[in-house]
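From first to last, the protein sequence lines stand for chains A and B. Counting from 185, one number per residue, gives the positions in the first sequence under our numbering. Counting from 985, one number per residue, gives the positions in the second sequence under our numbering. Glycine included, C-beta positions come from ideal geometry on N, C-alpha and C. Written out below as structure tokens is the structure these notes cover.
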Amino acid sequence: MKKPFALIVLGSAIVAGSFVGCSSNPSEEEMKQLNDLKAEVTSLEKGIAAQQSEKAALLKSIADKDAQLTQCAKDKDAFQQRLKSGQ
Amino acid sequence: MKYIIRLTIIAALVSAFVINSFAQEKMTKEDWQNQIKDVTAKQIDLKNQFTGLQKEVSDLQKQDADKSVALKQCQDALTALLGPLEAPFVAMLDAIDARLNELTPLSNQDLWARRAEIDSVQNWIDIAQKNPVSAIQKYQDRLKDQQTRLDALKKTLASINANGETMPTYTVGTWARDRDCLWNIAKKPKIYDNPFLWPKIWQGNRDQIKNPDVIQKGQKLKIPPKAALTKEENSALRRYWSKKNAQATAKP
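Written out as structure tokens, the structure is:
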């Protein structure tokens, strides 16, 4: 009884191993390469978000200064007009 | 023997199935290659975006710096233009603010006692408005705010009597139902019980009553405290009758 049982187990292992051994997987180094690439993509996305934030802040600052420049020019004109009119 | 072979094949198939189902959770080489391709393409695209954005930000930083310089130049030029006129003007605005800060929290009684200062503050604001420096927008805004605060104090003052109490009011009804005119209102026992004091109501509500012969339903008239007609009220009464007589004489 023992001999046939051992034969069965050995035979199963050989047959099963041959099925599994058909497909290959990336090595550890290759997986590291993929993970590093993904990390760089994440980092680039964060960097882009930060740049977009800074761009928005700069656009607002430029608009504010433009408004102040316009007001400054108006103030100069208005003051000079008042001086001329003698008020 | 046949039995053993059949059993071996079945056992092998079952094992292979079980082992493979575990093996499929690990990435295949083909999957890895596809992912490398996709992620690399994404990386290149993002790098281009990032580079582009960096340049834009750099250009905007330069623009912002240039605007700061231009703004400072304009503000310096304006300061030079205003010259020695600005400092005393600002001191005047500060004095107006200080006085308003004193008057605003006063009780009605104290405000009544200091009512002459309200006219002084109005005088200061009028003088400041005539100053050329007031043409500058920020000073215009400041003067406007001061006038608003002063108007609020004037409104409070107009609604209180010498004791600092809020004056009672009377809401005008209709001629048809209530026979409301200034004479009849002053005649009411709850008001003055004396119709001859009607000019007091007229003068106390000059902002609402242009012609004392014409009052409107719904008008809320302040009722000044009962007292003899003042000099101003008597003058107004004389002018009223004078005008009435002139109109009566002028009619054909």
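Could one say the Cβ of residue 209 of chain A lies closer than 7 Å to chain C's Cβ atoms, at least one of them? The displayed structure is made up of protein chains A and B, and chain C is not among them.
request  = Assign residue 1170 of chain B to buried or exposed, taking buried as 16 or more other Cβ atoms, counted over all protein chains shown, within 10 Å of its Cβ.
outcome  = By the 10 Å Cβ count, residue 1170 of chain B comes out buried.
**Opposing strand residues paired with residue 1201 of chain B [DSSP bridges]** = Beta-bridge pairing links residue 1201 of chain B to no other residue.
Burial state of residue 1233 of chain B, where buried means 16 or more other Cβ atoms lie within 10 Å = With fewer than 16 Cβ atoms within 10 Å of its Cβ, residue 1233 of chain B is classed as exposed.
Discussion item. Using a Cβ-Cβ cutoff of 8 Å, what residues of the region 1059 to 1071 of chain B are near chain A? List them in chain order.
Written reply: Those would be 1059, 1061, 1062, 1065 and 1066, in chain order.
### Task
Under 7 Å between beta-carbons, which chain B residues line up against residue 238 of chain A? List them in chain order, please.
Going along chain B in sequence order, the residues near residue 238 of chain A (Cβ under 7 Å) are 1041.
Original post:
Of all Cβ atoms in chain B, is any one closer than 7 Å to the Cβ of residue 259 of chain A?
Top reply: Contact with chain B is found for residue 259 of chain A, since one of that chain's Cβ atoms lies less than 7 Å from the residue's Cβ.
Under a CB-based cut-off of 7 Å, is residue 227 of chain A close to chain B? Not closer than 7 Å to any Cβ of chain B, the Cβ of residue 227 of chain A fails to qualify, so no.
- Message: For a minimum of 4 consecutive residues, which ranges assigned as the alpha helix (DSSP H) are wholly contained in the region 1074 to 1129 of chain B?
- Response: Entirely contained in the region 1074 to 1129 of chain B, the alpha helix (DSSP H) runs reaching 4 residues are, in chain order, 1092 to 1097 and 1099 to 1114.
| request: Can you check DSSP and say which residues form a bridge with residue 1206 of chain B? | output: As DSSP reads the structure, residue 1206 of chain B sits in a beta bridge with B:1153.
As assigned by DSSP and simplified to three states, the class of residue 1144 of chain B
Three-state DSSP puts residue 1144 of chain B in a strand.
* Give the interface partners of residue 1048 of chain B over in chain A, defined as CB-CB distance under 8 Å, in chain order. => In chain order: 242, 245, 246 and 249.
So which of B:1117, B:1203, B:1075 and B:998 has the shortest CA-CA distance to residue 259 of chain A?
The shortest C-alpha separation from residue 259 of chain A is found at B:1117.
ask   = When the cut-off is 7 Å and only beta carbons count, does residue 1120 of chain B lie next to chain A?
value = Judged by the 7 Å Cβ criterion, residue 1120 of chain B is in contact with chain A.
Among the residues of its own chain, which have a CB less than 8 Å from the CB of residue 218 of chain A, if the five just before and after it don't count? The residues are 210.
| said: I'd like to know whether the C-beta atoms of residue 1184 of chain B and residue 1152 of chain B end up nearer to each other than 7 Å. | reply: With contacts defined as CB atoms closer than 7 Å, residue 1184 of chain B and residue 1152 of chain B fail to qualify as a contacting pair.
Checklist entry - Are the C-beta of residue 224 of chain A and some C-beta of chain B separated by less than 7 Å? => result Judged by the 7 Å Cβ criterion, residue 224 of chain A is in contact with chain B.
Residue range of the alpha helix (DSSP H) that residue 256 of chain A falls in?
In this chain, the alpha helix (DSSP H) harbouring residue 256 of chain A covers 212 to 269.
_I want to verify the contact list: residues of chain A whose CB lies under 7 Å from the CB of residue 1010 of chain B, in sequence order._
Listed by position along chain A, the residues whose Cβ is nearer than 7 Å to that of residue 1010 of chain B are 209.
Checklist entry - What residues of chain A sit near residue 1111 of chain B, judged by a beta carbon separation below 9 Å? => result Going along chain A, no residue has its Cβ under 9 Å from residue 1111 of chain B, so there is no contact; the nearest lies around 12 Å.
### Query
How long is the line joining the alpha carbons of residue 1063 of chain B and residue 233 of chain A, rounded to whole angstroms?
So the two alpha carbons sit approximately 41 Å from each other.
- Query: Using the C-alpha atoms, what's the distance from residue 1106 of chain B back to residue 1129 of chain B?
  - Reply: Going from the Cα of residue 1129 of chain B to the Cα of residue 1106 of chain B covers about 13 Å.
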